[in-house]
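*Asks:*
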Amino acid sequence: MITPIRFRLALSRREFTQLALLFPWFPSAPQAPANGRRVQTSSDGEPHFVDPPGEIPSSLQRRVEELGAALAAGTTSTNDVLPDPASNELRPYPLFRETIAK
Numbered sequence: 084m085i086t087p088i089r090f091r092l093a094l095s096r097r098e099f100t101q102l103a104l105l106f107p108w109f110p111s112a113p114q115a116p117a118n119g120r121r122v123q124t125s126s127d128g129e130p131h132f133v134d135p136p137g138e139i140p141s142s143l144q145r146r147v148e149e150l151g152a153a154l155a156a157g158t159t160s161t162n163d164v165l166p167d168p169a170s171n172e173l174r175p176y177p178l179f180r181e182t183i184a185k
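In structure tokens:
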């Protein structure tokens, strides 16, 4: 019979603090741009803005129109829409931004 190995990490307060201080300096893996879009940078290398992705697909356009109708009817609000993860794929499109701004 194989006995499962249980691992429990018990750090002292000092060890935890040292680890927390080192964490920001761990190298991070480079991220590929989402959807192949290029991020423009300012002269000091900071991200400036992301190019719009182009024409909105019909399925996403339908979702934006339904969202606009719900906002106009008052059944939802921008405070409900913006933090919703389902709206993340709509955010880069100008149509979504215009709908939210109304």
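To convert, note that position 88 of the sequence shown is 171 in the numbering used here; the numbers rise steadily by one, no gaps.
From the three backbone atoms N, C-alpha and C, an ideal C-beta is built for every residue, glycine too.
Keep in mind the model is a prediction, meaning the values are calculated, not measured.
#1: Measuring CA to CA, which of Pro-168, Asn-162, Tyr-176, Pro-166 is closest to Ser-142?
#2: Please report the straight-line C-alpha distance between Asp-163 and Leu-154, rounded to a whole angstrom.
#3: Output the distance between the C-alpha atoms of Glu-148 and Pro-135, rounded to the nearest integer angstrom.
#4: Using the C-alpha atoms, what's the distance from Ala-93 back to Leu-102?
*Replies:* On the basis of the data shown:
#1: What you label residue 142 is simply residue 59 of the sequence shown in a count that begins at 1. Nearest of Pro-168, Asn-162, Tyr-176, Pro-166 to Ser-142, Cα basis: Tyr-176.
#2: Residue numbering aside, residue 163 sits at position 80 when the sequence shown is read from its first letter. Residue numbering aside, residue 154 sits at position 71 when the sequence shown is read from its first letter. About 10 Å.
#3: The count along the sequence shown starts at 1 and reaches residue 148 at position 65. The count along the sequence shown starts at 1 and reaches residue 135 at position 52. Taking the straight line joining both Cα atoms gives about 19 Å.
#4: In the sequence shown, residue 102 corresponds to position 19, counting from 1. In the sequence shown, residue 93 corresponds to position 10, counting from 1. Their backbone Cα atoms lie some 13 Å apart in a straight line.
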